[in-house]
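Asks: Here's a structure for you.
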Amino acid sequence: MEASKAEEMLDIVDVRTYLGIEFGSTRIKAVLIDSRFHTIASGSYEWENQFVEGYWTYSTEEIWKGLRVSYRALATEVYEKYGLLLEKVGSIGFSAMMHGYMPFDQSGKLLVPFRTWRNSTTKEAAKQLTSLFEHNIPERWSIAHYYQAILNHEKHVDQVDYLTTLAGYVHWQLTGKKVLGIGDASGMFPIDSLSKSYDEHLINKFEENLKKMHHAVHLKTILPKVLLAGEEAGVLSEQGAYLIDPTGSLKPGIPLCPPEGDAGTGMVATNSIGVRTGNVSVGTSAFAMIVLEKPLAKVYPEIDIVTTPEGNLVGMVHANNCTSDINAWIKLFEEFTASLGLEVNREKIFTLLFNKALEADEDLGGLLSYGYFSGENITGISEGRPVFVRQPDSNFNLANFMRTHLSSAFGAMRIGMDILKEEKIVIEGLVGHGGLFKTPRVGQQILAAALQKPITVMETAGEGGAWGMAVLAAFQASHSNCLSDYLNQVVFADAPCVTLQPLEKDERAYDDFIARYQSGLEIERVAVEKLRS
8 MEASKAEEML DIVDVRTYLG IEFGSTRIKA VLIDSRFHTI ASGSYEWENQ FVEGYWTYST
68 EEIWKGLRVS YRALATEVYE KYGLLLEKVG SIGFSAMMHG YMPFDQSGKL LVPFRTWRNS
128 TTKEAAKQLT SLFEHNIPER WSIAHYYQAI LNHEKHVDQV DYLTTLAGYV HWQLTGKKVL
188 GIGDASGMFP IDSLSKSYDE HLINKFEENL KKMHHAVHLK TILPKVLLAG EEAGVLSEQG
248 AYLIDPTGSL KPGIPLCPPE GDAGTGMVAT NSIGVRTGNV SVGTSAFAMI VLEKPLAKVY
308 PEIDIVTTPE GNLVGMVHAN NCTSDINAWI KLFEEFTASL GLEVNREKIF TLLFNKALEA
368 DEDLGGLLSY GYFSGENITG ISEGRPVFVR QPDSNFNLAN FMRTHLSSAF GAMRIGMDIL
428 KEEKIVIEGL VGHGGLFKTP RVGQQILAAA LQKPITVMET AGEGGAWGMA VLAAFQASHS
488 NCLSDYLNQV VFADAPCVTL QPLEKDERAY DDFIARYQSG LEIERVAVEK LRS
């Protein structure tokens with residue numbers, strides 16, 4: 008038996024493993040790490056949001072099914088590799104897509120189906136609150152969803168007793184604790200960077216405004232309690248253990264760390280929680296998180312102000328759309344190869360097509376795409392209409408086709424990042440993470456050109472938020488005082504990574520592309536207007 012495997016077995020037996028589970032937009036992933044932060048088992052469940060009665064949503068039934076399936080796959084891997092039943096771990100952490108709207112009544116009943124971050128249905132509320140608070144309130148934020156429901160005179164608003172995010176909901180059901188990590192909480196309501204909790208001044212403003220509308224609401228009583236990374240957040244109840252593992256192997260009493268949003272776990276997974284550092288997370292959406300030295304000079308609708316899991320201010324450039332359209336095209340190529348009778352797995356198709364993008368012309372053959380599956384706040388597009396455009400004389404080949412889609416995936420985010428240049432925000436390094444970086448160098452090189460910054464990708468880039476959440480669970484179990492020190496000195500002390508500098512010719516080419524991208528946005532607006540479902 009290999010020494011490393013023996014050490015992993017000892018970690019399992021001696022309860023020195025940590026479990027992170029993240030509810031992403033297209034996949035629920037469970038990751039178990041050992042005392043050296045290596046992934047020793049994982050499991051996942053694929054899911055897709057549904058457009059139901061005008062809202063993007065996931066059912067609560069699928070939330071719990073996905074949790075059980077992903078955990079069961081992980082526990083099965085532990086048994087098959089080590090011959091051990093997974094009964095206890097050192098700590099557990101849950102994370103999920105940020106923002107959205109999950110309101111509950113006094114009995115704990117969900118009053119309306121979960122409204123995800125993807126919904127662009129709160130434009131008026133976001134506009135009014137941004138003006139009232141003098142603080143950017145994006146359409147995705149929970150408070151915007153809640154206020155829009157009030158403006159819409161929705162019947163359920165008078166019954167709201169608790170309002171939380173998806174991560175907060177799962178944590179509550181497993182522990183009975185109505186708490187939330189500060190990073191996720193900062194996507195519900197603005198945070199005061201000094202008190203490390205909701206901004207009391209803005210809460211008072213909100214409540215006074217509602218009084219004028221004849222609504223009496225004590226906002227703090229319906230929001231989850233804010234916790235910093237490492238603080239106690241409850242333990243797994245008997246009911247919670249059963250919800251995760253109906254076989255009864257997983258035992259109650261395991262400590263849980265504060266639940267976080269996917270932005271926070273991305274910062275942890277890339278060691279990007281220090282001032283002047285940043286990370287770029289790419290998946291169904293794309294967002295850049297830049298840890299700020301000071302508040303921005305003014306309010307920008309394209310820049311969210313959120314926090315790290317320690318409560319430091321972060322400028323967040325969030326694009327609603329990134330890889331969904333690429334994934335759709337990959338599925339088409341997958342169907343084509345299957346129709347030819349060829350058995351080619353999806354990973355090989357991704358690798359082949361991504362590498363083909365490196366052969367593209369500098370002008371991408373004049374091709375243009377907008378992978379908008381949903382509305383895009385940064386570019387002012389209200390609804391999703393994926394569009395691919397070419398001219399009769401365009402050089403329409405596979406290389407240009409693929410690079411156009413990869414370049415477009417970062418288009419909205421680049422526009423938002425240009426605003427931070429105006430604020431003279433210093434960024435010493437950006438770390439990329441997410442499945443797009445599993446193919447070495449390609450997405451990394453294009454992102455470097457798009458943002459005109461060196462991009463570092465770590466070995467853990469493909470693990471993403473679930474691994475980052477497991478690290479947060481390990482941090483709580485360590486009883487360390489400072490997350491930044493813990494990451495620098497313990498987790499990432501010897502972490503291998505690859506950094507690519509932007510190439511000058513690629514920067515010029517991307518500048519030309521983004522100019523064409525912005526000029527062509529009217530095509531997307533017309534598509535939204537004319538192609539009504």
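Numbered by this note's numbering, the letters in the sequence shown go through residues 8 to 540 in order.
In this text, a Cβ means the ideal position worked out from N, Cα and C, and glycines have one as well.
Just so you know, these numbers come straight off a predicted model, no measurement behind them.
1. Can you tell me whether DSSP reads glutamine 483 as helix, strand or coil?
2. Pull the bridge partners of histidine 440 from the DSSP assignment, please.
3. Work out the CA separation of methionine 424 and leucine 139 for me, nearest whole Å.
4. For methionine 409, is the classification buried or exposed, using 16 other Cβ atoms within 10 angstroms of its Cβ as the cut-off for buried?
5. What span of residues does the alpha helix (DSSP H) with tyrosine 517 cover, start to end?
6. Are three or more beta carbon pairs between the stretch 451-464 and the stretch 500-512 nearer than 8 Å?
7. Within the same chain, show all residues whose beta-carbon is closer than 6 Å to that of valine 1, passing over the 5 residues directly before and after it, in chain order.
8. Taking the straight line between their C-alpha atoms, what separation do you get for phenylalanine 111 and leucine 93?
9. Would you tell me roughly how many angstroms separate the C-alpha atoms of leucine 303 and serine 256, rounded to the nearest one?
10. Name the DSSP bridge partner or partners of threonine 314?
11. Using 8 Å as the Cβ pair cut-off and three pairs as the minimum, do the stretch 148-165 and the stretch 130-139 touch?
12. Measuring straight from C-alpha to C-alpha, what distance separates isoleucine 35 and aspartate 400?
13. In whole angstroms, what separates the C-alpha of aspartate 41 from that of phenylalanine 395?
14. Taking 8 Å as the threshold, find out whether the stretch 479-486 comes into contact with the stretch 252-269 through three or more Cβ pairs.
15. If you follow the alpha helix (DSSP H) that arginine 410 is part of, which residue opens it and which one closes it?
16. Please work out which residues of its chain come closer than 6 Å, Cβ to Cβ, to aspartate 513, disregarding the five sequence neighbours upstream and downstream, and give them in chain order.
17. Could you please give the first and the last residue of the uninterrupted beta strand (DSSP E) stretch that includes lysine 36?
18. Taking its Cβ as the centre, do 16 or more other Cβ atoms sit within 10 Å of asparagine 286, making it buried, or is it exposed?
19. Any chance the stretch 303-317 sits against the stretch 355-363, with 3 or more Cβ pairs inside 8 Å?
20. Between the stretch 416-436 and the stretch 52-62, do three or more beta carbon pairs fall short of 8 Å?
21. Please state the DSSP three-state secondary structure of aspartate 199.
22. Between the alpha carbons of glutamate 146 and lysine 363, how many angstroms are there, rounded?
23. Give a yes or no on contact between the stretch 377-390 and the stretch 324-340, applying the rule of three or more CB pairs nearer than 8 Å.
24. Within 10 angstroms of the Cβ of proline 197, are there 16 or more other Cβ atoms? Answer buried if so, exposed if not.
25. Would you say the stretch 16-34 touches the stretch 69-77, given that touching needs at least three Cβ pairs under 8 Å?
26. Given alanine 13, which residues of its chain have a CB within under 8 Å of its CB, disregarding the five upstream and five downstream residues?
27. Taking 8 Å as the cut-off, decide whether the C-beta atoms of histidine 142 and tryptophan 124 are in contact.
28. Between the Cα of phenylalanine 444 and the Cα atoms of Pro316, Trp336, Tyr86 and Met465, which residue gives the shortest distance?
29. Please list, in chain order, all residues of the same chain as glycine 450 whose beta carbon is under 8 Å from its beta carbon, the five residues on each side excluded.
30. In terms of residues, what are the limits of the beta strand (DSSP E) holding lysine 232?
31. State the CB to CB distance for the pair threonine 463 and glycine 441, rounded to an integer number of angstroms; the pair is presumed to be in contact (CB under 8 Å).
32. Which first and last residues belong to the beta strand (DSSP E) in which isoleucine 99 is found?
33. Leaving out five residues on either side along the sequence, give the residues of the same chain with a beta carbon under 8 Å from the beta carbon of tryptophan 71.
34. Thinking C-beta only, is glutamate 317 closer than 8 Å to leucine 235?
35. Pull the bridge partners of valine 186 from the DSSP assignment, please.
36. Look at leucine 230 and leucine 170 and say whether their C-beta atoms are less than 8 Å apart.
Replies: If we stick to the structure as given:
1. Here residue 483 is taken as the residue at index 476 of the sequence shown, counted from 1. In the structure shown, glutamine 483 sits in a helix (DSSP, three-state: H, G or I).
2. Stepping through the sequence shown from its first residue, residue 440 is reached at position 433. BP columns for histidine 440 point to Ser288.
3. Stepping through the sequence shown from its first residue, residue 139 is reached at position 132. Stepping through the sequence shown from its first residue, residue 424 is reached at position 417. Taking the Cα positions, leucine 139 is about 25 Å away from methionine 424.
4. Position 402 of the sequence shown holds residue 409. By the Cβ neighbour-count rule, methionine 409 is buried, with 16 or more other Cβ atoms within 10 Å of its own.
5. To locate residue 517, count along the sequence shown from 1; it is residue 510. Going by DSSP, tyrosine 517 is part of the alpha helix (DSSP H) stretching over 511-526.
6. Contact between the stretch 451-464 and the stretch 500-512 is present, because at least three Cβ pairs lie under 8 Å.
7. Here the chain covers residues 8 to 540 and nothing more, so residue 1 does not appear.
8. What you label residue 111 is simply residue 104 of the sequence shown in a count that begins at 1. What you label residue 93 is simply residue 86 of the sequence shown in a count that begins at 1. Separation of phenylalanine 111 and leucine 93 (C-alpha to C-alpha, rounded to the nearest whole angstrom) is 33 Å.
9. Residue mapping note: residue 303 aligns to position 296 of the sequence shown, counting from 1. Residue mapping note: residue 256 aligns to position 249 of the sequence shown, counting from 1. Leucine 303 and serine 256 have their C-alpha atoms roughly 50 Å apart.
10. On the sequence shown, residue 314 is found 307 positions in, with the first residue counted as 1. According to DSSP, which records beta bridges pairwise, threonine 314 is partnered with Leu320.
11. Flag = yes, the stretch 148-165 and the stretch 130-139 touch.
12. As a first step, residue 35 must be located in the sequence shown, where it is residue number 28. As a first step, residue 400 must be located in the sequence shown, where it is residue number 393. Straight-line Cα distance between these residues: approximately 43 Å.
13. Here residue 41 corresponds to residue number 34 of the sequence shown, with the count starting at 1. Here residue 395 corresponds to residue number 388 of the sequence shown, with the count starting at 1. Each residue's Cα considered, the two are about 45 Å apart.
14. Judged by pairs of C-beta atoms under 8 Å, the stretch 479-486 touches the stretch 252-269, as three or more such pairs exist.
15. Here residue 410 refers to the residue found at position 403 of the sequence shown. From DSSP, the alpha helix (DSSP H) with arginine 410 extends over 405-416.
16. Residue numbering aside, residue 513 sits at position 506 when the sequence shown is read from its first letter. Apart from the 5 residues on each side of it in sequence, aspartate 513 sits with its Cβ closer than 6 Å to the Cβ of Ala456 in its chain, given in chain order.
17. Here residue 36 corresponds to residue number 29 of the sequence shown, with the count starting at 1. Per DSSP, lysine 36 belongs to the beta strand (DSSP E) from 34-40.
18. The count along the sequence shown starts at 1 and reaches residue 286 at position 279. The residue in question, asparagine 286, is buried, as its Cβ has 16 or more Cβ neighbours within 10 Å.
19. No, they do not touch.
20. Contact between the stretch 416-436 and the stretch 52-62 is absent, because fewer than three Cβ pairs lie under 8 Å.
21. Here residue 199 corresponds to residue number 192 of the sequence shown, with the count starting at 1. Three-state result, aspartate 199: strand.
22. The residue labelled residue 146 in the question sits at position 139 within the sequence shown. The residue labelled residue 363 in the question sits at position 356 within the sequence shown. Rounded to the nearest whole angstrom, the C-alpha separation of glutamate 146 and lysine 363 is 37 Å.
23. Segment contact: the stretch 377-390 against the stretch 324-340, three or more CB-CB distances shorter than 8 Å; contact assigned.
24. Position 190 of the sequence shown, counting from 1, holds the residue named residue 197. Proline 197 comes out buried.
25. Enough Cβ pairs lie closer than 8 Å, so yes.
26. Residue mapping note: residue 13 aligns to position 6 of the sequence shown, counting from 1. There are no such residues.
27. As a working mapping, residue 142 is identified with position 135 in the sequence shown. As a working mapping, residue 124 is identified with position 117 in the sequence shown. Result no, Cβ atoms of histidine 142 and tryptophan 124 do not sit closer than 8 Å.
28. Within the sequence shown, numbered from 1, the residue matching residue 444 stands at position 437. For phenylalanine 444, the nearest C-alpha among the options comes from Met465.
29. In the sequence shown, residue 450 corresponds to position 443, counting from 1. Within its own chain, the residues whose Cβ lies closer than 8 Å to the Cβ of glycine 450, once the five positions on either side in sequence are excluded, are Val289, Phe361, Leu413, Gly439, Leu443 and Phe444, listed in chain order.
30. Your numbering for residue 232 matches position 225 in the sequence shown. Residues 232-234.
31. Working through the sequence shown from its first residue, we reach residue 463 at position 456. Working through the sequence shown from its first residue, we reach residue 441 at position 434. Your pair threonine 463 and glycine 441 does not check out as a contact, with CB atoms roughly 13 Å apart and the cut at 8 Å.
32. In the sequence shown, counting from the first residue as 1, residue 99 sits at position 92. 98-103 is the extent of the beta strand (DSSP E) around isoleucine 99.
33. Position 64 of the sequence shown holds residue 71. Cβ within range, chain order: Leu250.
34. Walking along the sequence shown from the start, residue 235 turns up at place 228. Walking along the sequence shown from the start, residue 317 turns up at place 310. Against a cut-off of 8 Å, the Cβ pair of glutamate 317 and leucine 235 comes out as a contact.
35. Your numbering for residue 186 matches position 179 in the sequence shown. DSSP, once it has assigned bridges, lists Lys232 as partnering valine 186.
36. On the sequence shown, position 223 is the one that residue 230 refers to. On the sequence shown, position 163 is the one that residue 170 refers to. Cβ distance < 8 Å, so leucine 230 and leucine 170 count as in contact.
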